[in-house]
Structures are given as C-alpha cells and as structure tokens.
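Peer 1: Let me give you the structure first, and then I'll get to my questions.
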Amino acid sequence: MIRELLRAAGIGCILAGSILYFTNSGKSVSDAEIRQMQDEVKNLRGKLSRTNEELAIAQTATSVKVSIPEIEKNTHNDESKNDKTVNNSSKVIKTTVKIKPGSNSTVVSATLEKLGIVKNADKFNAFLTDNNLSGKIQIGEYELDSSMDFQKIAKMITTIK
C-alpha cells in the first residue's frame with residue numbers, strides 16, 4: 199500500500215515537472231529584447247517627467263486668479279485738498295486675491311507683486327520662508343491692499359477662516 203502511494207506521488211511529480219518544462223521553455227526573452235524594453239521604459243519615464251513639469255507649470259500659472267483691482271484715493275487732510283494734486287503714494291490699491299489649491303509662496307508673492315500689493319516678491323517670499331509661513335498659505339479669497347505690511351498680509355493668507 200505504501201509502495202503504491204509512493205509510486206503514484208513519484209509519477210505525479212515527474213509528470214508535473216515535464217509539463218512545466220515544456221510549457222515554459224519556449225518563452226525566454228533574449229538580451230536584446232530586454233535592452234529594448236529598458237530603453238522604452240527610460241523614454242517613457244523621460245516623457246512622464248516632462249509632462250509632469252509642464253503640468254506643474256500650467257497649474258502654477260492658473261492656480262492664482264485675481265479680480266480686477268480697484269484704486270482708491272486716500273484723503274489725508276485739508277493740505278491735500280488745498281493742493282489739488284494727486285500723489286501716487288496716496289493711492290491705495292485694493293484687490294481680491296483668490297488662492298487655489300497647489301499655490302505655493304513663490305506664486306502668491308509674484309502675483310501680489312504684479313498687482314502692486316507688495317513691491318518686491320522675493321522679499322515677501324523670503325519673509326514667509328524666514329517665519330516658517332510659506333507652507334501655511336490657505337486657499338480662499340482675501341481682500342488685500344497696498345497699505346498693508348508683510349506681517350498683515352502674511353497673517354491674512356495663512357490664517358484659517
């Protein structure tokens with residue numbers, strides 16, 4: 199009885215081994231095909247990285263939308279009324295800035311500089327970075343004007359509403 203059982207197990211192992219040998223032997227991949235596939239993978243990775251860069255640039259360009267700024271004259275006192283001259287420094291630029299998801303401090307700083315809210319985007323971005331606020335910018339709409347200093351602007355755009 200044990201002899202028959204061992205014989206059946208041996209025949210089963212030999213039969214299974216021969217089936218596996220004949221079915222897998224015809225599908226070996228040559229070295230040239232491996233190199234070709236590796237080159238294709240490298241090309242696809244390069245295309246993917248370029249596409250990701252283009253996508254990041256496109257998202258950065260459209261991530262901050264801005265409404266049309268309103269310029270208001272600042273009325274100081276009777277001296278400005280008597281002179282009847284409008285000084286550029288007396289104009290305050292008010293605008294609504296909409297910060298979308300994915301906007302980083304560099305994009306926000308550049309947008310604020312274009313709108314005239316801050317005079318130098320690099321200095322504002324450095325201020326945010328120095329105070330560890332560059333990663334805390336919140337999405338949303340913010341009413342900003344050019345009379346605000348860096349601290350007030352940073353507090354507005356980094357505070358959760």
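The sequence shown begins at 199 in my numbering and counts up by one.
Just so you know, even glycine gets a beta-carbon here, dropped at the ideal spot from N, CA and C.
#1: Touch check for the stretch 304 to 314 and the stretch 240 to 256: three-plus C-beta pairs under 8 Å?
#2: The ligand ADP heavy atoms versus the CB of Val227: any closer than 8 Å?
#3: Tell me the DSSP secondary structure of Lys289 in three-state form.
#4: Whole angstroms is fine: what's the gap from Lys317's alpha carbon to Lys298's?
#5: Determine the burial state of Asn250: buried for a count of at least 16 other Cβ atoms within 10 Å of its Cβ, exposed for fewer.
#6: Could you please give the first and the last residue of the uninterrupted beta strand (DSSP E) stretch that includes Asp347?
#7: Do we get a CB-CB distance below 9 Å when we pair Asn250 with the residues of chain C?
#8: Where does Asp328 fall in DSSP's three states?
#9: Within 10 angstroms of the Cβ of Ile269, are there 16 or more other Cβ atoms? Answer buried if so, exposed if not.
#10: Among Asn323, Asp347, Ala214, Ser344, which one has its Cα closest to the Cα of Ser303?
#11: Taking C-alpha atoms, which residue in Lys289, Gly215, Ile337 lies nearest to Gly300?
#12: Quick check on the DSSP output: the alpha helix (DSSP H) that includes Asn222 runs from which residue to which?
#13: In the DSSP assignment, find the alpha helix (DSSP H) that holds Val305 and state where it starts and stops.
#14: Have a look at the DSSP bridge pairing and note the partners of Glu370.
Peer 2: Based on what the coordinates show:
#1: Contact between the stretch 304 to 314 and the stretch 240 to 256 is absent, because fewer than three Cβ pairs lie under 8 Å.
#2: The ligand ADP is absent from the structure shown, which contains no ligands of any kind.
#3: In the three-state DSSP reduction, Lys289 falls in the strand class (E or B).
#4: Approximately 22 Å between the Cα atoms of the pair.
#5: With fewer than 16 Cβ atoms within 10 Å of its Cβ, Asn250 is classed as exposed.
#6: From DSSP, Asp347 is part of no beta strand (DSSP E); its letter is neither H nor E.
#7: Protein chain content of the structure displayed is limited to a single chain, and chain C is not contained in it.
#8: Note: Asp328 maps to helix in three-state DSSP.
#9: Residue placement at Ile269 cannot be trusted, given a pLDDT of 42 that sits under 50; what the coordinates show is reported in the next sentence. Its Cβ having fewer than 16 others within 10 Å, Ile269 is exposed.
#10: Of Asn323, Asp347, Ala214, Ser344, the residue nearest in Cα terms is Asn323.
#11: For Gly300, the closest alpha carbon among the candidates Lys289, Gly215, Ile337 is that of Ile337.
#12: Segment 200 to 222, the alpha helix (DSSP H) holding Asn222.
#13: Unbroken alpha helix (DSSP H) run through Val305: 303 to 313.
#14: Residue 370 is absent from the structure shown; the chain starts at 199 and stops at 359.
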